[in-house]
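Enquirer: Residue numbers (the working numbering), protein chains in the order written: chain A, 27 to 358; chain B, 27 to 358.
1) Distance check for residue 54/B and residue 345/B, CA to CA, integer angstroms please.
2) Determine the burial state of residue 356/B: buried for a count of at least 16 other Cβ atoms within 10 Å of its Cβ, exposed for fewer.
3) Smallest Cα separation from residue 289/B: which of 269/B, 300/B and 158/B?
4) What would DSSP say about residue 76/A, mapped onto helix, strand or coil?
5) Which of the three DSSP states is assigned to residue 60/A in this structure?
6) Considering only C-alpha positions, which residue in the set 196/B, 118/B and 178/B is nearest to residue 157/A?
7) Quick one: which residues of the stretch 77-103 of chain A get their C-beta closer than 8 Å to a C-beta of chain B? List them in chain order.
8) Can you tell me whether DSSP reads residue 352/B as helix, strand or coil?
9) What in chain A is Cβ-close to residue 327/B, meaning under 9 Å?
10) Going residue by residue through the stretch 255-342 of chain A, where are the continuous beta strand (DSSP E) segments of at least 3 residues, counting only ones entirely within it?
11) Among 323/B, 278/B and 262/B, whose alpha-carbon lies nearest the alpha-carbon of residue 304/B?
12) Run through DSSP, which three-state label would residue 28/A get?
13) Would you mind sorting residue 299/B into buried or exposed? The rule is 16 or more other CB atoms within 10 Å of its CB.
14) For residue 104/B and residue 282/A, which I take to be in contact (beta-carbon distance under 8 Å), what is that distance rounded to the nearest angstrom?
15) Could you name each continuous beta strand (DSSP E) segment of 3 residues or more that falls completely within the stretch 77-106 of chain A, going from the start of the chain to the end?
16) Mind checking residue 322/A: buried by the 16 CB within 10 Å criterion, or exposed?
17) Using beta-carbon positions only, say whether residue 311/A and residue 324/A come within less than 8 Å of one another.
18) Using a beta-carbon distance cut-off of less than 8 Å, what residues from the stretch 62-78 of chain A approach chain B?
19) Return no unless some Cβ of chain B is closer than 8 Å to the Cβ of residue 106/A.
20) Applying the 10 Å Cβ sphere with the 16-neighbour rule, what's the burial state of residue 25/B?
21) With a 10 Å radius around its C-beta and 16 neighbouring C-beta atoms as the bar for buried, classify residue 349/A as buried or exposed.
22) For a cutoff of 8 Å on Cβ pairs, would you count residue 18/B as touching chain A?
23) Using the Cβ count rule (16 or more neighbours within 10 Å means buried), how would you classify residue 67/B?
24) Going along the chain, which residues of its own chain have a beta-carbon closer than 8 Å to the beta-carbon of residue 139/A, five neighbours each way excluded?
25) Specify the secondary structure class of residue 210/B as computed by DSSP and reduced to three states.
26) Identify, in the order they occur along the chain, each residue of the same chain with its Cβ nearer than 6 Å to the Cβ of residue 148/A, setting aside the five sequence neighbours on each side.
27) Hey, residue 309/A and residue 131/A: beta-carbon distance below 8 Å or not?
28) Within the 8 Å Cβ cut-off, does residue 352/B reach chain A?
29) Any C-beta of chain B sitting closer than 8 Å to the C-beta of residue 355/A?
30) What number of angstroms, rounded off, separates the C-alpha of residue 98/B from the C-alpha of residue 64/B?
31) Tell me which residue opens and which closes the alpha helix (DSSP H) that residue 23/B is part of.
32) Enumerated in chain order, which unbroken segments of the beta strand (DSSP E) with a length of 3 residues or greater are wholly contained in the stretch 105-173 of chain A?
33) Can you name the residues of chain B whose CB is closer than 9 Å to the CB of residue 344/A?
34) Do residue 327/B and residue 201/B have their CB atoms nearer than 8 Å?
35) Taking only the alpha-carbon atoms, compute the straight-line gap between residue 175/A and residue 188/A and give it to the nearest angstrom.
36) Whole angstroms is fine: what's the gap from residue 368/A's alpha carbon to residue 230/B's?
Quick look at the structure:
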């Protein structure tokens, strides 16, 4: 099923079920007021949401309305845990190569992962507000999973069955702020502003054959100001699948229902046979490639007024999650 | 006022008001079901809680009951944002000195700060469950502030007025896991298991003159297996006060109501004139001191069965927050 959170002026919005074709929706307030409430009691709530989803898809839901992604908050407008792993080490490899550095083997054996702030997620059409272009503002098109309770020490196999929902993420990074932060040794903080998410979160079964091996085997399309900049396959070159990312997070702690685990920017190693060039799911990779090839980056980071569109289409060309469409604006 | 969350089998518990002397409590469910609900609408809710607090302190609350810290969850059992800064750089300085390294100036100019997972906080009497003593399990006695909404780019002065509640924290660190994690460059993750908090959170006015300059000027007492190991003054040597920590967090993002900002282990540079030696608020400092003086650490990290007690007394010798009393147990 597909779920969204409709903005109603409250901090957590209202849970809605969205039709498979993303055309209609139905408030789920009679079942659960918010997505977090549904996740807190998933075994009891999910079947009820699923019934409503079936009715909606069959045109039988009594109070269906037109689904407008513009009215959406992030599916989880705030989450108690938000951790992002570098599931595509090729992304890190490219970035380091521009600095003449190699990727340490440790980052191929275990994912690099860091927590973020879960108190302030952006809706799919919400502006990205930041103060300075000079911070090197980059988008980052990736995926994220919302999990149920995961016990401490869970294996990847155990973690696999705890993935409840998947969604798209736009992880903003301040590329010119990050190096000094990482040099201090505490991980990124000021260089990771609020993250945006797709209009809907979907249960893995919605992906059919595209969800296999704990990965989503579909291209993720990213466009800047209307021009496609990348369509890397999210299944290819994913060195750490979602179960592995979740198990990594839970080595010394349990994870509570509603925890979100992200992949970082999708990145493909090379063009797959017979496919279009993957391009880039963030600007830093493109700049790194330019630096390696031409000695200097040519593509600028985001400028105020620039827009980013992130979307994933299934094999029939239908949007799975709806599109993230965010514009960067100067913070007042 | 003083607030606690009583365990009732739910994920967020029930909000209660606790008397100043920590002897009686009164459920606040008629005002707000949970502390997060109170924080989400603080301007409206806080005066009502304050009325109940006054009644309770005057013995006029109708359904007061004996306050039992054993029944408490963390004041916020889960939070949408949890960031810990190194407010006492002397702590880092000591740790690095044992490795023969100097503290970089950047860590004196700006706090080292990292996010944690806010989905799983431990109550004041909840066992610390971990799998391996070999991880180098350390406690960390510090303070934490719960804030109201803070706008992006807030100055320390602006952040000062957004501190709603203060509490004690026991930040567990896996000292033998951390070095490899930090070397990878993403900050600590597996080395930071669930954090414990004091029975009650208190509004800053409860501290009277001890709350000044954005700091809590009282000694924080830490004991291991009943033996006092430290009583450093939380006001002395705090290089970054709470307003500065919060402003650091909010440079490129806003913080939502209920975000928690911690200080890391309290650490004093030297014995203040006429005061008892400060000792240690974590084991790593003691081991570092031993390494510098004797060439090797003598004090072991926590062993299964070890207990930790963390408490702060006011100038009259009364407990301000109640005590954290946690025992380390082997995870099943």
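In this text, a Cβ means the ideal position worked out from N, Cα and C, and glycines have one as well.
Expert: Reading it off the structure:
1) Cα-Cα distance, rounded: 22 Å.
2) Classification of residue 356/B: exposed, given that the 10 Å Cβ count is below 16.
3) Across the set 269/B, 300/B and 158/B, the C-alpha of 269/B shows the shortest separation from the C-alpha of residue 289/B.
4) Note: residue 76/A maps to helix in three-state DSSP.
5) DSSP places residue 60/A in coil when its eight states are reduced to three.
6) A check of alpha carbon separations from residue 157/A across 196/B, 118/B and 178/B identifies 178/B as the nearest.
7) Residues: none.
8) In the structure shown, residue 352/B falls within a strand segment according to DSSP collapsed to helix, strand and coil.
9) Within chain A, no residue comes near residue 327/B; the closest Cβ sits about 14 Å away, beyond 9 Å.
10) Restricted to the stretch 255-342 of chain A, the beta strand (DSSP E) segments that are unbroken, complete and at least 3 residues in length are 286-288 and 333-338, listed in chain order.
11) Across the set 323/B, 278/B and 262/B, the C-alpha of 262/B shows the shortest separation from the C-alpha of residue 304/B.
12) Here residue 28/A sits in strand by DSSP.
13) Exposed, since its Cβ has fewer than 16 Cβ neighbours within 10 Å.
14) About 6 Å separates the two Cβ atoms, so the contact holds.
15) Considered as a whole, the stretch 77-106 of chain A harbours no complete run of any beta strand (DSSP E) with no fewer than 3 residues.
16) So residue 322/A ends up on the exposed side.
17) For residue 311/A and residue 324/A, no; Cβs fall outside 8 Å.
18) Result list: 66.
19) Yes - at least one Cβ of chain B is within 8 Å of the one on residue 106/A.
20) Summary: the structure shown does not reach residue 25/B, with chain B confined to residues 27 through 358, and so no result is reported for it.
21) Its Cβ being crowded by 16 or more others within 10 Å, residue 349/A is buried.
22) The structure shown has nothing for residue 18/B, since chain B only spans 27 to 358.
23) Result: exposed.
24) Result list for residue 139/A: 109, 110, 111, 112, 271, 274 and 275, in chain order.
25) Looking at residue 210/B - three-state DSSP - the assignment turns out to be helix.
26) Answer for residue 148/A: 220 and 222, listed in chain order.
27) Not closer than 8 Å, so no.
28) It does not; no Cβ of chain A falls within 8 Å.
29) No, residue 355/A lies away from the interface with chain B (no Cβ there is under 8 Å from its Cβ).
30) Cα-Cα distance, rounded: 17 Å.
31) Because chain B in this structure spans residues 27 to 358, residue 23/B falls outside the shown range and cannot be described.
32) The qualifying runs are 108-111, 139-141, 154-156 and 167-173.
33) Simply none; closest approach about 33 Å.
34) Yes, these two residues count as a Cβ contact at 8 Å.
35) Note on geometry: alpha-carbon atoms of residue 175/A and residue 188/A lie some 7 Å from one another.
36) Chain A is shown only over 27 to 358; residue 368/A falls outside these bounds and no answer can be derived.
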